[in-house]
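The structure appears below as structure tokens.
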Amino acid sequence: MRRKFICGNWKMNAPLWEGEVPKLPENVTVAVAPPFTELSRMAERLDGTGIRLAAQNVYFMDEGAYTGEISAAMLKALGVEYCIVGHSERRGYFGETDGDCLKKIEKLAEHGIAAILCVGESLETREAGREFEFVEAQVRAAFTQLSPAAAKDIVVAYEPIWAIGTGKTATSQQAEEMCAFIRKTIADCKGAADADSVLIQYGGSVKPSNAKELLGMEDIDGALVGGASLKPESFMDIVCYQED
Ligand code: PGA
2 MRRKFICGNW KMNAPLWEGE VPKLPENVTV AVAPPFTELS RMAERLDGTG IRLAAQNVYF
62 MDEGAYTGEI SAAMLKALGV EYCIVGHSER RGYFGETDGD CLKKIEKLAE HGIAAILCVG
122 ESLETREAGR EFEFVEAQVR AAFTQLSPAA AKDIVVAYEP IWAIGTGKTA TSQQAEEMCA
182 FIRKTIADCK GAADADSVLI QYGGSVKPSN AKELLGMEDI DGALVGGASL KPESFMDIVC
242 YQED
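Position in the sequence shown (from 1) plus 1 gives the number in the working numbering.
Listed below in structure tokens is the structure:
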């Protein structure tokens, strides 16, 4: 039985996130990814709540003359346990490639930080009927190359670009179909045992009103939540989706 994993992605926003954090459900792992500058404050804020700390990006070198970059060791020192890699905004605006993602995932694994690898197609690609081919290539680019150690703890997030921040959610069938396909692709690359245990999240306009249906699907093991994670109340409603 795979645990559910729900992670908030604040992007370039820094909400205060004040108020009580309720007791987390036993069978759900919860994390929040604030901007780098908020990691220390959030480490203190989340202490004792059970909510884990995630980062939104990392650089794959250890140290040196890389102005503006942050290493995996630096994240580890702040208590970061997860790191988003290859988000479509980073791929689109900052030219992050599959090759960069691979190096980042390996470096994170060296420091015991689990990568959350984002994959997902644009509207244009889906309308051309090429969404499976596109996502398969992204998944294969990582899983055919990853070392067994790095593949063991990785989380994959299926985030169709057309559903991110648009209020337009993939239907639970569309999301399940792609998450099952991603699992099958991982099985092809790494074998059924690894594919069976890897956590696959859905992301793209997840909110309290659709969380239960999405998270009830067999191959959807969690959610990567952008907009709805900025307010602790709505994020916690998603985390506690089983209580409705
Ligand atoms: P959204 O963002 O929930 O605001 O659509 C999700 C994401 O980009 O991770």
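Here a beta-carbon is modelled for each residue, glycine too, at the ideal position from N, C-alpha and C.
The structure presented is a predicted model; accordingly, all values stated were derived computationally and were not measured.
Backbone CA spacing between aspartate 189 and methionine 43 [nearest angstrom]
39 Å
Could you tell me whether the Cβ atoms of serine 123 and tryptophan 163 are closer together than 8 Å?
yes
Could one say the Cβ of serine 41 lies closer than 8 Å to chain B's Cβ atoms, at least one of them?
Absence of chain B from the displayed structure is noted, only one protein chain being present.
Is any heavy atom in the ligand PGA found nearer than 7 Å to the beta carbon of asparagine 58?
no
Return yes when the C-beta of glutamate 122 is under 7 Å from any heavy atom of the ligand PGA, and no when it is not.
no
Valine 31 Cβ short of 7 Å to the ligand PGA heavy atom set:
no
Return yes when at least one heavy atom of the ligand PGA lies under 7 Å from the C-beta of isoleucine 165, else no.
yes
Taking 7 Å as the cut-off, does the CB of glycine 228 come closer than this to any heavy atom belonging to the ligand PGA?
Glycine 228: yes, Cβ under 7 Å from the ligand PGA.
Just the C-alpha distance for serine 198 and isoleucine 114, rounded to the nearest angstrom, thanks.
17 Å
Just the C-alpha distance for arginine 46 and glutamate 128, rounded to the nearest angstrom, thanks.
43 Å
For phenylalanine 144 and glutamate 219, I'd like the C-alpha separation in whole angstroms.
Cα to Cα, the separation comes out at about 22 Å.
Three-state class that DSSP yields for valine 240 in the structure shown:
helix
In chain order, which alpha helix (DSSP H) runs of at least 4 residues are fully inside the stretch 93-172?
Whole alpha helix (DSSP H) segments, 4+ residues: 99-111, 124-128, 132-144, 149-154.
With a CB to CB cut of under 7 Å and the five nearest residues on each side skipped, what residues in its chain are close to isoleucine 256?
What the structure shows of the chain is the stretch from 2 to 245, and residue 256 is not part of that stretch, so it cannot be assessed.
Report the option in Ala171, Ile165, Thr172, Lys108 whose CA atom is closest to the CA atom of alanine 150.
Selected option, being the one with the closest Cα: Lys108.
Looking at the secondary structure, which residues open and close the alpha helix (DSSP H) in which alanine 73 lies?
73-78
Take every Cβ of the stretch 48-55, pair it with every Cβ of the stretch 94-101, and state whether three or more of those distances are shorter than 8 Å.
No, the stretch 48-55 is not in contact with the stretch 94-101.
Could you tell me the alpha carbon to alpha carbon distance between glycine 49 and glutamate 21, rounded to whole angstroms?
12 Å
Assign alanine 176 to one of two classes, buried (16 or more other C-beta atoms within 10 Å of its C-beta) or exposed (fewer than that).
buried
Does the distance from the C-beta atom of alanine 158 to that of leucine 118 stay below 8 Å?
yes
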